[in-house]
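Peer 1: Reading the sequence shown from the start, the letters are residues 68 to 469 in our numbering.
Ideal Cβ positions, reconstructed from N, Cα and C, are used throughout, including at glycine.
My questions all concern the structure below.
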Amino acid sequence: MNKLIQYISRPVRGRVSVSGSKSESNRLLILQKLFPNIALKNVSDSDDTKHLQEALSTNNKTVDIGHAGTAMRFLIAYFSSIDNREVILTGSERMQNRPVKILVEALQSMGASIEYINKKGYPPILIKGKKIDRSKVQIEGNVSSQYISALLIVASSLKNGLEIELLGKITSIPYIKMTLALLNELEIETSWNENIITVSPKSTVDHKIVTVESDWSSASYFYSLIALSENGNVSLSSYKKNSLQGDSSLIEIYKHFGVQTKFDDDLITLTKNKDIKLKPLTLDLVNSPDLAQTIVVTCFGLGIACDLTGLHTLKIKETDRLIALKNELGKLGADIEVTNDSLHLKSSQKINSNVAIETYNDHRMAMAFAPLSLKVPLIINDAEVVTKSYTSFWNHFESVME
């Protein structure tokens with residue numbers, strides 16, 4: 068489905084209930100499988116989370132998780148630790164070209180039995196689950212935090228727990244902290260001293276109901292809408308002041324664009340400060356790279372320059388997001404350059420209209436560009452790709468346009 072969207076200078080007002088965080092939900096679903104006493108509320112309704120739930124409930128030997136990258140990483144560690152469970156873990160064509168070698172080698176060093184079926188370093192893989200006794204592992208700290216979180220999530224279920232030594236520079240720290248905080252909420256003991264993370268073993272947890280906070284990445288598109296609006300006002304639920312999610316950095320980042328955030332219990336209300344003086348933006352997004360697409364589109368729509376760094380993980384997402392941004396913003400008239408880990412946009416007041424935005428099987432491409440329809444009519448190709456993380460996105464997006 069290709070979608071024409073045009074809301075030029077339209078007021079932005081309304082209230083939206085955003086689904087639970089995909090990041091929190093996927094971590095907690097694995098933990099719930101390991102510790103069945105956990106009950107979950109406000110679980111994400113994203114395709115990725117649905118794929119994970121199906122994978123955790125099936126007894127089939129072949130488990131296909133489609134485009135769900137988080138599910139792939141977490142399930143590699145999970146199935147490796149389940150004694151006598153043999154699984155072929157596979158996914159979409161893109162997923163079969165997303166690397167898993169670093170995680171696989173870490174698990175193999177712990178004694179896990181994992182074999183590549185086609186291309187070395189990539190799914191599909193054959194996993195023969197077994198009891199893992201080795202309690203120490205090393206892994207690069209500057210890779211996707213999902214590799215590290217995958218190990219942390221299963222760590223407490225291992226006989227001797229786990230000590231992870233992170234090698235080199237550590238990136239995406241908020242996501243690692245999120246995983247540790249969720250473990251702590253279940254009274255699983257953890258520690259993080261310099262480059263060593265330790266998780267103690269735990270056989271059972273007490274009955275507990277955990278409510279998943281709504282997704283801050285999903286909130287980013289409404290922040291962009293307010294920034295690009297003349298006088299917007301949107302309320303979103305359910306969010307926490309002391310969020311575990313790194314993407315809650317939106318609150319501070321979008322002040323740069325004049326977006327104010329007010330908390331009222333679990334409700335946040337976004338309003339536009341019309342008196343803000345816009346300036347070029349320089350930002351290191353090493354701790355929240357998933358915001359990069361939304362931020363650069365906001366900057367382009369407002370006609371301001373930006374220099375974003377810390378983006379090396381974007382090249383191994385659903386698509387090479389840096390190249391995708393260069394291609395699509397270029398079609399809109401942007402002067403933009405990218406490197407392997409950065410993006411540089413020059414200021415410009417010109418925006419080409421009626422451009423068809425390719426989404427590259429990437430949910431964030433569709434949602435990041437949608438707010439630009441406040442400036443020019445746009446066509447979003449393969450618009451339903453948003454269901455990967457935000458099933459109700461288009462309904463919610465249209466509901467706040469008066």
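#1: Could you check if residue 347 is buried or exposed, using at least 16 other CB atoms within 10 Å of its CB as the buried criterion?
#2: For residue 178, does the count of other Cβ atoms within 10 angstroms reach 16, so buried, or fall short, so exposed?
#3: So which of 441, 429, 274 and 314 has the shortest CA-CA distance to residue 449?
#4: Give me the Cα-Cα distance between residue 135 and residue 162, rounded to the nearest whole angstrom.
#5: Is the distance from the Cβ of residue 276 to the Cβ of residue 246 below 8 Å?
#6: Thinking C-alpha only, which one of 229, 416 and 75 is nearest residue 468?
#7: What span of residues does the alpha helix (DSSP H) with residue 207 cover, start to end?
#8: Less than 6 Å between C-beta atoms, sequence neighbours within five positions excluded: which residues of the same chain meet that for residue 436?
#9: Just checking my contact of residue 367 with residue 391 at CB under 8 Å: how many whole Å lie between their CB atoms?
#10: For residue 326, I'd like the list of residues in its chain whose CB is within less than 6 Å of its CB, leaving aside the five on either flank, ordered along the chain.
#11: Which residue wins for smallest C-alpha separation from residue 320, given the options 409, 272, 418 and 287?
#12: Less than 8 Å between the beta carbons of residue 188 and residue 210, yes or no?
#13: Determine the closest residue to residue 271 out of 102, 316, 412 and 404, with distance taken between C-alpha atoms.
#14: Please identify the residue among 80, 91, 256 and 77 whose C-alpha is closest to the C-alpha of residue 283.
#15: Of all the options 256, 263, 147 and 201, which has the alpha carbon lying nearest to the alpha carbon of residue 217?
#16: Let me know the alpha helix (DSSP H) ranges lying completely inside the segment 202-254, each 4 residues or longer, listed in chain order.
Peer 2: If we stick to the structure as given:
#1: For the purposes of this step, residue 347 is taken as the residue at position 280 of the sequence shown. So residue 347 counts as exposed.
#2: Counting from one through the sequence shown, the residue named residue 178 turns up at place 111. Exposed, by the Cβ-count rule.
#3: In the sequence shown, the residue the question calls residue 449 occupies position 382. Nearest option by C-alpha distance: 429.
#4: Counted from its first residue, the sequence shown places residue 135 at position 68. Counted from its first residue, the sequence shown places residue 162 at position 95. Looking at the two C-alpha atoms, the distance is approximately 8 Å.
#5: Position 209 of the sequence shown holds residue 276. Position 179 of the sequence shown holds residue 246. The answer is no: Cβ separation not under 8 Å.
#6: Here residue 468 refers to the residue found at position 401 of the sequence shown. Checking every option, the nearest Cα to that of residue 468 belongs to 75.
#7: By 1-based counting over the sequence shown, the position of residue 207 is 140. From DSSP, residue 207 is part of no alpha helix (DSSP H) but of the beta strand (DSSP E) over 203-207.
#8: Looking up residue 436 in the sequence shown gives position 369. Once the five neighbours on either side are set aside, the close Cβ partners of residue 436 are 364 and 424.
#9: Residue numbering aside, residue 367 sits at position 300 when the sequence shown is read from its first letter. Residue numbering aside, residue 391 sits at position 324 when the sequence shown is read from its first letter. About 14 Å separates the Cβ atoms of residue 367 and residue 391, ruling out a contact at the 8 Å cut-off.
#10: Your numbering for residue 326 matches position 259 in the sequence shown. Hits under 6 Å: 290, 293, 294 and 337.
#11: In the sequence shown, counting from the first residue as 1, residue 320 sits at position 253. The candidate whose alpha carbon is nearest that of residue 320 is 287.
#12: In the sequence shown, residue 188 corresponds to position 121, counting from 1. In the sequence shown, residue 210 corresponds to position 143, counting from 1. No.
#13: In the sequence shown, the residue the question calls residue 271 occupies position 204. Comparing Cα positions, the closest option is 102.
#14: Here residue 283 refers to the residue found at position 216 when the sequence shown is read from its first residue. Nearest option by C-alpha distance: 91.
#15: Here residue 217 is taken as the residue at index 150 of the sequence shown, counted from 1. If you compare the alpha carbons of 256, 263, 147 and 201 with that of residue 217, the shortest gap goes to 147.
#16: 212-222 and 240-252
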